[in-house]
Amino acid sequence: MGNNGYRVVMLGKGAVGKTSISTQMVSGIFKSLYEPTIEDTFKTSLDIDGTVCVLEILDTGLYNIFIQSPF
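Using UniProt numbering, the first residue of the sequence shown is number 1, and each one after it goes up by one.
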């Protein structure tokens with residue numbers, strides 16, 4: 001990713017808004033309609049104090065198996 005590249009993984013229970021937050025971050029549009037996500041990747045650039053940073057977002061979904069795990 002380089003010095004100004006960052007990777008973010010969106011984790012959480014299904015239907016809590018991970019995809020909506022990711023979409024809003026990249027496109028500025030908040031989608032309130034629920035559509036189940038298996039996995040998706042978003043990429044955007046941000047200007048932080050004059051430095052351009054690349055943000056890669058991995059949007060996870062349907063990982064309820066981990067919630068049920070005793071570990």
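Ideal Cβ positions, reconstructed from N, Cα and C, are used throughout, including at glycine.
According to DSSP, simplified to helix, strand and coil, what is residue i?
{"i": "K43", "result": "strand"}
{"i": "S69", "result": "Because S69 sits at a pLDDT of 48, beneath the cut-off of 50, its placement in the model cannot be relied upon, and the following sentence gives the value as read from the coordinates. Coil, per DSSP."}
{"i": "V26", "result": "helix"}
{"i": "T19", "result": "helix"}
Report the rounded CA-to-CA distance for residue i versus residue j, giving the unit in angstroms.
{"i": "G50", "j": "T23", "result": "24 angstroms"}
{"i": "S69", "j": "L11", "result": "Bear in mind that the predicted position of S69 carries a pLDDT of just 48, short of 50, making it unreliable; the figure below should be weighed with that in mind. The alpha-carbon atoms of S69 and L11 are separated by roughly 15 angstroms."}
{"i": "N4", "j": "S27", "result": "20 angstroms"}
{"i": "A15", "j": "P36", "result": "7 angstroms"}
{"i": "I48", "j": "G61", "result": "29 angstroms"}
Check the C-beta distance from residue i over to residue j and give it rounded, since I have them as a contact under 8 angstroms.
{"i": "V54", "j": "K43", "result": "7 angstroms"}
Would you decide whether residue i is buried or exposed? Buried here means 16 or more other CB atoms lie within 10 Å of its CB.
{"i": "I29", "result": "exposed"}
{"i": "I38", "result": "exposed"}
{"i": "T41", "result": "exposed"}
{"i": "K18", "result": "buried"}
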